[in-house]
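Below you'll find the structure, written out as structure tokens, and then a few comments.
In the UniProt record's numbering, the protein residues as written are 1 to 648.
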């Protein structure tokens with residue numbers, strides 16, 4: 001560590017010695033100033049993080065407490081609460097909390113959770129709530145008690161919901177009234193499969209009155225998670241995979257504490273910043289890179305109840321937000337929306353997130369008067385993220401954008417490997433059985449080095465209780481025998497300057513509406529229907545839309561006499577009960593026979609390039625989900641879709 005610090009100091013002195021003009025010319029080529037901004041911060045934070053490990057304080061709770069001590073009267077959380085029947089500025093009433101107020105509420109709630117519900121250190125507790133302060137109150141109260149929160153996606157229903165509770169060994173679930181419907185509909189199955197799990201349907205108004213009462217008792221245990229290594233579980237955040245069911249990905253304390261601090265520094269979050277997010281808190285984008293990142297810098301979170309193109313600019317204006325979180329779809333939705341009177345009446349300086357497409361990047365900045373974009377690439381379970389802080393013209397579209405120095409350092413930790421030219425979901429192996437690096441502009445899978453090959457959990461914690469899926473994300477014997485790397489499952493490419501650009505996702509999981517959709521999960525739901533013999537679900541590209549829309553290819557059993565309209569109506573009724581909305585296929589077509597290989601597997605690559613709107617030969621009948629019903633996709637419908645006038 002000392003040698004690294006001495007090297008950085010030496011390099012800094014050398015740069016100063018070059019003179020301002022010389023440094024300016026050098027920096028245009030090497031971006032050393034940006035690299036130094038990051039490196040010095042990393043060294044400082046790494047030292048502090050090492051101290052927290054030595055003192056048994058790896059929990060993010062201690063970071064939060066330290067911020068409260070430093071900034072007790074500073075704004076921590078602002079919530080634009082909807083006011084029914086009102087429009088314009090009057091449509092929202094700001095609900096604000098300072099760090100001290102937030103801390104006191106959390107301690108009062110901790111008393112209730114510990115002594116009324118019996119929550120204790122080591123418990124895994126389900127948190128099923130919508131975007132509101134209550135989510136953060138519950139989350140941090142659980143951290144105060146040393147419990148592990150499991151963030152349940154409130155869209156899940158049926159078997160996926162039961163699986164989420166069962167696989168994570170959840171003992172209790174606290175349920176926001178606004179998120180109660182799926183739990184209620186699945187309650188009998190939950191009781192049957194998880195008889196020891198307690199479901200608590202909260203009386204929100206009564207609970208809020210109690211925890212906001214200054215006379216209510218507070219509770220703070222003396223210690224929590226004292227024996228945890230920094231790679232221990234801080235929270236469980238579910239992600240979908242090829243198994244077809246949500247998997248609880250482990251968010252480590254290292255990622256919550258160190259990772260969030262670094263990212264906040266990269267996207268220039270300061271103590272006077274206000275970060276606006278309308279992304280769901282059950283995802284790591286809003287929870288880790290939104291709340292944790294913001295609080296780590298002593299800044300304020302502006303938490304929107306949900307994303308809306310018609311009200312987001314009013315909310316941003318009212319909350320005085322300086323930073324906006326996005327996913328790529330959000331940016332396109334905003335650009336496709338009519339001009340809003342508040343869309344430039346704001347304090348926004350930076351928009352950050354993932355998935356902003358290159359073709360709308362500059363337009364997004366220019367239209368809404370946003371100075372910089374903080375694009376990142378990461379997955380909930382990945383051990384490290386790629387980041388880009390983009391100003392001006394350089395670096396548009398990149399998800400990794402560093403200078404020569406950091407690129408050199410990272411070359412030992414993350415890289416792109418060539419894929420098999422016959423199947424880009426499989427890595428290419430040369431005659432020695434080893435992988436090879438990609439060339440400039442050649443797509444390859446992003447991999448990240450696991451320095452403890454025999455103990456990869458120190459870097460990559462994977463999925464709780466699922467060794468098979470965890471191991472599937474590790475590739476071994478990459479550049480030498482015995483090494484181990486994390487597989488991202490995504491194709492990226494690099495340019496001559498070392499910038500990385502996202503290309504596409506591998507495998508059967510595709511992304512739609514900012515969510516990972518498992519083709520296997522959707523197929524399994526279809527196969528519960530009596531009339532279906534075989535089914536293939538793929539994601540298809542739709543012009544001017546982010547991600548891939550679900551497309552189902554259906555083979556019926558012999559002797560089915562129902563009409564296609566009757567079948568489609570039955571399909572939709574079942575799918576709406578068992579799948580989140582974003583996982584329901586947008587397009588469906590019926591075929592006489594689905595091809596199988598000799599070993600009775602369906603070669604999905606044959607079905608991934610579906611031609612819309614009428615198929616390869618121009619005479620196929622394809623149905624699309626139009627206003628809650630499957631209807632035949634016409635040429636006029638297709639024009640509406642690709643123009644953005646029809647909503648998918």
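Glycine included, every Cβ here is placed at the ideal spot set by N, Cα and C.
Residue 443 is positioned such that its CB atom lies closer than 8 Å to that of residue 493. Between the beta-carbon of residue 145 and that of residue 120 there is about 7 Å, and that keeps the pair under the 8 Å contact cut.
Counting only runs that start and end inside the segment 364-428, the alpha helix (DSSP H) elements of at least 4 residues fall at 404-410.
By the neighbour-count criterion, in which a residue is buried when 16 or more other Cβ atoms sit within 10 angstroms of its Cβ, residue 414 is buried.
When the alpha-carbon of residue 554 is set against those of 541, 542, 545 and 568, the nearest one is in 568. Contact between residue 300 and residue 274 holds, since their C-beta atoms are separated by about 5 Å, short of 8 Å. With contacts defined as CB atoms closer than 8 Å, residue 151 and residue 263 fail to qualify as a contacting pair.
Contact between the segment 523-532 and the segment 556-572 is present: 3 or more CB-CB pairs across the two stretches fall below 8 Å. In chain order, 542 and 648 place their CB closer than 7 Å to the CB of residue 641, counting only its own chain and leaving out the 5 sequence neighbours on each side.
By the Cβ criterion, the segment 335-344 is in contact with the segment 310-319, since at least three pairs of Cβ atoms, one from each stretch, lie closer than 8 Å.
In this structure residue 622 is not in contact with residue 628, their Cβ atoms being roughly 18 Å apart against a cut-off of 8 Å.
Only residues of its own chain outside the window of five on either side were considered, and among them 67, 71 and 271 have a CB closer than 6 Å to the CB of residue 298, listed in chain order. When C-alpha distances from residue 50 are compared across 503, 428, 253 and 418, the shortest belongs to 253.
Under DSSP, residue 510 takes part in a beta bridge, and its partners are 517. In the DSSP assignment, the residues bridged to residue 233 are 252. Residue 160 carries a helical assignment under DSSP once its states are collapsed to helix, strand and coil. The alpha-carbon separation between residue 624 and residue 372 amounts to approximately 38 Å.
When secondary structure is reduced to three states using DSSP, residue 182 falls in the helix class.
When the beta-carbon positions are compared, residue 463 and residue 247 come within less than 8 Å of each other. For residue 97, the pairing in a beta bridge is given by DSSP as 77. Remark: C-beta atoms of residue 294 and residue 269 approach each other more closely than 8 Å.
For residue 64, there is no enclosing beta strand (DSSP E); the enclosing alpha helix (DSSP H) has its first and last residue at 60-70. Cα atoms of residue 211 and residue 436: separation of roughly 58 Å, rounded to the nearest angstrom. Closest in alpha carbon position to residue 639, among 612, 618 and 620, is 612. In the DSSP assignment, residue 448 forms a beta bridge with 414 and 486. Each residue's CA atom was taken as its position, placing residue 113 and residue 141 some 8 Å apart. Taken in chain order, the complete alpha helix (DSSP H) segments of 4 residues or longer contained in the segment 541-588 are 564-578.
Under the three-state reduction of DSSP output, residue 362 falls in the helix class.
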